[in-house]
Amino acid sequence: MSGASTSRLRAQVGPTASAGRIWGMVLRYWYVIRSSWPRTAELIYWPLVQMLMWGFLQIYLAQTTSFAGKAAGLFIGGVLLWDILVRSQLGFAVAFLEEIWSRNLGHLMMSPLRPTELVTALTIVSLVKLLVAMVPVALLAYLFFDFNVLSLGIAFAAFFANLVIMSWSLGLVSTGVVLRWGLGAESFAWLIAFVFLPLSCVYYPVTTLPGWLQPVALALPPTYVFEGLRAIVLNGAFDAQLMVKAFVLNLIYFALGFAAFAYFLHRARVQGSLVQMGE
Amino acid sequence: MYQADGGRAPPVEVRALRKMYGEVVAVDGIGFSLQAGTITALLGGNGAGKTTTIAMLMGLVVPTSGDVRVFGADMARERHKVLHRMNFESPYVDVPMRLTVRQNLEVFGRLYGVRDLRGRIGEVAQELRLTDLLDRPYGKLSAGQKTRVSLAKALVNAPELLLLDEPTASLDPDTADWVRSRLEDYRQTHAATVVLASHNMSEVERLAGRVIMLEKGRIIADETPQALIGRFGRTNLEEVFLAIARRGADDAELRS
Numbered sequence: 038m039s040g041a042s043t044s045r046l047r048a049q050v051g052p053t054a055s056a057g058r059i060w061g062m063v064l065r066y067w068y069v070i071r072s073s074w075p076r077t078a079e080l081i082y083w084p085l086v087q088m089l090m091w092g093f094l095q096i097y098l099a100q101t102t103s104f105a106g107k108a109a110g111l112f113i114g115g116v117l118l119w120d121i122l123v124r125s126q127l128g129f130a131v132a133f134l135e136e137i138w139s140r141n142l143g144h145l146m147m148s149p150l151r152p153t154e155l156v157t158a159l160t161i162v163s164l165v166k167l168l169v170a171m172v173p174v175a176l177l178a179y180l181f182f183d184f185n186v187l188s189l190g191i192a193f194a195a196f197f198a199n200l201v202i203m204s205w206s207l208g209l210v211s212t213g214v215v216l217r218w219g220l221g222a223e224s225f226a227w228l229i230a231f232v233f234l235p236l237s238c239v240y241y242p243v244t245t246l247p248g249w250l251q252p253v254a255l256a257l258p259p260t261y262v263f264e265g266l267r268a269i270v271l272n273g274a275f276d277a278q279l280m281v282k283a284f285v286l287n288l289i290y291f292a293l294g295f296a297a298f299a300y301f302l303h304r305a306r307v308q309g310s311l312v313q314m315g316e
Numbered sequence: 004m005y006q007a008d009g010g011r012a013p014p015v016e017v018r019a020l021r022k023m024y025g026e027v028v029a030v031d032g033i034g035f036s037l038q039a040g041t042i043t044a045l046l047g048g049n050g051a052g053k054t055t056t057i058a059m060l061m062g063l064v065v066p067t068s069g070d071v072r073v074f075g076a077d078m079a080r081e082r083h084k085v086l087h088r089m090n091f092e093s094p095y096v097d098v099p100m101r102l103t104v105r106q107n108l109e110v111f112g113r114l115y116g117v118r119d120l121r122g123r124i125g126e127v128a129q130e131l132r133l134t135d136l137l138d139r140p141y142g143k144l145s146a147g148q149k150t151r152v153s154l155a156k157a158l159v160n161a162p163e164l165l166l167l168d169e170p171t172a173s174l175d176p177d178t179a180d181w182v183r184s185r186l187e188d189y190r191q192t193h194a195a196t197v198v199l200a201s202h203n204m205s206e207v208e209r210l211a212g213r214v215i216m217l218e219k220g221r222i223i224a225d226e227t228p229q230a231l232i233g234r235f236g237r238t239n240l241e242e243v244f245l246a247i248a249r250r251g252a253d254d255a256e257l258r259s
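Protein chains in written order, with the numbering used here: chain V, 38 to 316; chain Y, 4 to 259.
Right under this line is the structure:
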């Protein structure tokens, strides 16, 4: 085996190397998405089914009740925004699960890839997957149900950002749990977001919940997003304060999520579970 | 390139290394130091502590006590300073199946910060006879081809320290022999340090200049293969391994 010149083989270090590692991981997940059309179809499938079901339900309700007629877009907007949270969290978590399914985690964990770089790559990939899933669905909502998500303007940007940051926090916790307990905890990664479906008041106002449960709902960033959506649809008003509250909560949740991920990774190194997952 | 040691510390230095999983002692106070440019075999039966030791060399498992230094860096705390100078190959750890060979090498090349990545991929592909396979998915290759790809992944950053876990397991004798030749070549041309865990004693005899034998997490022999064979009055390492495996772990002679 011939020896190559040492200077040419010298590894990159510093920010360039860090960016290269993040890009390497993004490429790795992109190649997986690209290699399998059923996986791409799977990204779009559930949001599409949900959109059709809630869209037709809303049409039916609008024909039979005056409230639903007045609140056109409430269900469709809710399902669209909810899917942003779920799809982004799943995009994050499933990209990580790919490493365990393909028995590649060991290689990654013994490479120079740092946890922050892995997390950055997973957030980028979750955004890419989200775009692949949601652009066709948003288009469908516009064409079939006359709901243009972009008509929400700046509010949509605020809703989107808050939901995506929350999804990353959930992604961090769920992947941390899988790191620590292995594939036995895989269902946690698939289901974690759904705990927040009733608590975030996606389809009804916070006041619908019993009094003791309302503080729990108000401690969750998505609740403010869905309250904000209702304020726009029902009153035509964008409440920026709701979004600021959601953003502050999101910063706390993201910090806690990263701390949980780092803790579970450390525990996995202490317990030796990374070796078992890698083989 | 970061040199934790300024280039002077031994590639691997292990001191009083101990790892417990709950009440189970996996590695029990071992210590050794490796010289640059050598091949050292870690031997032992199942559960002897080889995998845990290698995992601690890579910083994948945190020791309960003692320490592992690679190029002077403490692998429990500062492994990221030296990980780009190491690499690992095992037939039991796959690379992503859906990615082509080229895509896999590209991804790992980026993770290891390889300069002139395209050139380096072409080089290792040629050296390991993978050029014609570069655009085929890894998952569709034969066992022998997969091993060559894993080896290419392990060599893509031209590591100074190469850790190999049964590198020729499941290969036919001809391919296994070819892989051993490539490994010998690599060590010579790059002055690389190689740690080899293997159950194939003829492979160890051929490749390794030093054998560290583990049993129940302890080192029970540490010498050249020839010295070990001579001390036991056997004709090859396989017979020595069987003799040791069938003796008690507390044999005082072996611990001397």
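Cβ atoms here follow ideal geometry from the backbone N, Cα and C, with glycine treated the same way. This one's a predicted model, so the numbers in the text were calculated from it and none came from an experiment.
Between alanine 179 (chain Y) and threonine 171 (chain Y), the beta carbon gap of about 4 angstroms places them in contact (Cβ cut-off 8 angstroms).
Going by DSSP, serine 173 (chain Y) is part of no alpha helix (DSSP H) at all; its letter is neither H nor E. For the region 51-75 of chain Y, the set of residues with a beta-carbon nearer than 8 angstroms to any beta-carbon of chain V comprises Thr54, Thr55, Ala58, Met61, Gly62, Leu63, Val64 and Val65, in chain order. Using a Cβ-Cβ cut-off of 7 angstroms, proline 75 (chain V) does not count as an interface residue toward chain Y, since no Cβ of chain Y sits closer than that to its own. Here DSSP, grouped into helix, strand and coil, assigns glycine 32 (chain Y) to strand.
Contact note: serine 163 (chain V) does not reach chain Y at a C-beta cutoff of 8 angstroms; the least C-beta distance is about 18 angstroms.
As DSSP reads the structure, arginine 237 (chain Y) sits in no beta bridge. By the C-beta density criterion, proline 259 (chain V) is buried, having at least 16 other C-beta atoms within 10 angstroms. Interface flag for glycine 143 (chain V) against chain Y is set, since a Cβ pair is found closer than 7 angstroms. In chain Y, no part has a C-beta under 9 angstroms from the C-beta of valine 131 (chain V); the shortest such distance is about 14 angstroms.
Between the C-alpha atoms of glycine 236 (chain Y) and glutamate 208 (chain Y) there is a straight-line separation of about 16 angstroms. Along the region 107-140 of chain Y, going in chain order, the ones with a CB nearer than 8 angstroms to a CB of chain V are Glu109, Val110, Phe111, Gly112, Arg113, Leu114, Tyr115, Gly116, Val117, Arg118, Asp119, Gly122, Arg123, Glu126, Glu130 and Pro140.
Under the three-state reduction of DSSP, serine 68 (chain Y) is assigned to strand. If you check the CB distance, glycine 213 (chain V) and alanine 292 (chain V) do not come in under 7 angstroms.
Interface criterion met: the Cβ of tyrosine 68 (chain V) is under 7 angstroms from a Cβ in chain Y. Contact between leucine 236 (chain V) and valine 253 (chain V) holds, with the beta-carbon distance rounding to 6 angstroms and staying under 8 angstroms.
Using a Cβ-Cβ cut-off of 7 angstroms, glutamine 49 (chain V) is close to Gly116 and Arg118 of chain Y, given in chain order.
According to the DSSP assignment, arginine 140 (chain V) belongs to no beta strand (DSSP E), since it is labelled neither H nor E.
At least 7 angstroms separates the CB of valine 214 (chain V) from every CB of chain Y. One finds nothing in chain Y with a Cβ atom closer than 7 angstroms to the Cβ of serine 103 (chain V); even the nearest lies about 53 angstroms away. Taken through DSSP and simplified to helix, strand or coil, methionine 62 (chain V) comes out as helix. Within chain Y, no C-beta atom comes less than 8 angstroms from the C-beta of glycine 221 (chain V); the nearest is roughly 17 angstroms away. Boundaries of the alpha helix (DSSP H) harbouring lysine 166 (chain V): 152-182, taken from the DSSP string. Using a Cβ distance threshold of 7 angstroms, aspartate 70 (chain Y) and arginine 221 (chain Y) do not count as a contacting pair. Three or more beta-carbon pairs drawn from the region 80-90 of chain Y and the region 144-154 of chain V are found closer than 8 angstroms, and the two stretches are therefore classed as touching. Not flagged as an interface residue toward chain V: arginine 105 (chain Y), since no C-beta distance is shorter than 7 angstroms. Closest by C-alpha distance to leucine 131 (chain Y), out of Y:Ala44, Y:Leu158 and Y:Arg72, is Y:Leu158.
Taking 8 angstroms as the upper bound for CB-CB distance, alanine 76 (chain Y) and threonine 196 (chain Y) are not in contact here, some 14 angstroms apart. Annotation: methionine 61 (chain Y) is outside any beta strand (DSSP E) and is labelled neither H nor E by DSSP. For proline 13 (chain Y), no Cβ of chain V is located within less than 7 angstroms of the residue's own Cβ. Cβ contact annotation for leucine 137 (chain Y) (same chain, cutoff 6 angstroms, sequence separation greater than five): Val104, Arg105 and Ala128, in chain order.
Remark: C-beta atoms of valine 123 (chain V) and alanine 230 (chain V) approach each other more closely than 7 angstroms. Following the DSSP letters along the chain, one finds leucine 166 (chain Y) inside the beta strand (DSSP E) bounded by residues 164-168. Rounded to whole angstroms, glycine 125 (chain Y) and leucine 154 (chain Y) show a C-alpha spacing of 14 angstroms. Scanning V:Gln313, V:Gln308 and V:Val312 for the CA closest to the CA of glutamate 26 (chain Y) turns up V:Gln308.
With a cut-off of 8 angstroms on Cβ pairs, the region 57-66 of chain V is in contact with the region 109-126 of chain Y, counting three or more such pairs.
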